[in-house]
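Throughout the sequence shown, residue numbering follows the working numbering, covering 2 to 176 in sequence. Idealized CB from N, CA, C, for every residue including glycine.
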Amino acid sequence: MAKIKKTDLEQIKLLAMDVDGVLTDGMITIGSDGTEFKTFNLLDGHGIKMWRRGGLKTALISGRESAVTKQRANEMEIDFVYQPCQRKLDCFEKLLADSRLKSCNIAYIGDDVLDIPLIKRAGFGVAVANAVDEVKSCAHYVTSRPGGGGAVREVIEYILKNTGKWAELMERYLI
């Protein structure tokens, strides 16, 4: 696993994430009426809000089309949402065009083999703790927390702390 230097992390302007298995634990419940249910971690949600307060952008790139994902993205004010993305690299290229950023400016968090091209292309590629081995082997960083269990928050804190932005964002809580 490659070590990322602090100067590299300072280039990150946008955090892109898979949804199922990253923002959730990868489980989907479908009711008898076809209603889909997912569980999102509030630590991740607050971390995303802090990330945005730091002037940084967010994106979701999901292989599945989901109304629940769209609703959560709206609640979290996610800047870019791409679903369904069977060829996630195509969606990543669209994100680069839409955001007017370079791949070195993007951190991407994934968990499954569909995410490998994005983890390799992003400036900072991350695998959650419960990702498949193939994803972990190509990531710059592997979280200690699992997807749906605070992994996104861990990545946000890691980047913000290693770029000197965390302390300023914490000031409002330490009064």
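- Uninterrupted alpha helix (DSSP H) stretches at least 4 residues long and entirely within the region 40-122 occur at 43-54, 68-76, 89-100, 117-122, given in chain order.
- Within the model, the alpha-carbon separation for Ala68 versus Asn75 is close to 11 Å.
- In the three-state DSSP reduction, Leu175 falls in the coil class, being neither helix nor strand.
- Between Tyr109 and Lys95, the CB-CB gap reaches or exceeds 8 Å.
- Partner residues in the beta bridge of Leu16, as assigned by DSSP, are Thr59, Ala108.
- In this structure, Thr70 is the residue among Ser33, Gly32, Thr70 with its C-alpha nearest to the C-alpha of Gly46.
- In the three-state reduction of the DSSP assignment, Ile160 falls in the helix class, which pools H, G and I.
- Residue state for Glu11 is assigned as coil, using DSSP reduced to three classes.
- Nearest in C-alpha terms to Arg88, of all of Asn106, Pro118, Met77, is Pro118.
- Under the Cβ criterion (8 Å, minimum of three pairs), the region 27-36 does not count as touching the region 160-171.
- Between Thr25 and Gly56, the alpha-carbon positions lie close to 24 Å from each other.
- Taking the Cβ atoms as the reference, Thr59 lies roughly 18 Å from Arg65, outside the contact range of under 8 Å.
- Contact fails between the region 100-115 and the region 36-44, because fewer than three Cβ pairs, one in each stretch, are under 8 Å apart.
- The beta-bridge partner set that DSSP reports for Glu169 is empty.
- Closest in alpha carbon position to Ser63, among Lys14, Gly111, Val20, Ala128, is Val20.
- In the structure shown, Val136 adopts helical secondary structure according to DSSP, grouped into three states.
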